[in-house]
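Residue numbers (the numbering used here): 4 to 91.
Each residue gets a CB set at the ideal place from its N, CA and C atoms; glycine is no exception.
This report refers to the structure that appears directly beneath it.
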């Protein structure tokens with residue numbers, strides 16, 4: 004009489020089952036669900052932090068591009084044509 008313990012590990016739960024391999028039947032099974040409220044708050048804080056980093060990086064890029072564009076002669080039409088063609 005051999006038995007197998009099967010585990011299902013989820014993010015907020017653990018499921019288990021004891022299976023008798025001779026009879027091929029489930030002897031016992033169950034689940035344990037963990038409260039996920041603290042994990043949810045951490046995930047929301049992590050998303051906010053990522054959004055702030057994305058916005059800061061975008062602002063750095065815009066300011067860097069503004070400085071670079073201020074160095075070029077913007078009166079000639081070739082500059083604007085080349086700029087528009089390189090962004091396509």
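Does the Cβ-Cβ distance between residue i and residue j come in under 8 Å?
i          : j          : result
residue 10 : residue 17 : yes
residue 75 : residue 64 : no
Among the options, which residue has its Cα nearest to the Cα of residue i?
i          : options       : result
residue 5  : 14, 28 and 15 : 28
residue 7  : 89, 25 and 14 : 25
residue 36 : 19, 48 and 51 : 19
Specify the secondary structure class of residue i as computed by DSSP and reduced to three states.
i          : result
residue 24 : coil
residue 14 : coil
residue 5  : coil
residue 87 : helix
### Query
Quick one: complete beta strand (DSSP E) runs, 3+ long, within the stretch 52-81?
With a minimum length of 3 residues, no continuous beta strand (DSSP E) run stays inside the stretch 52-81.
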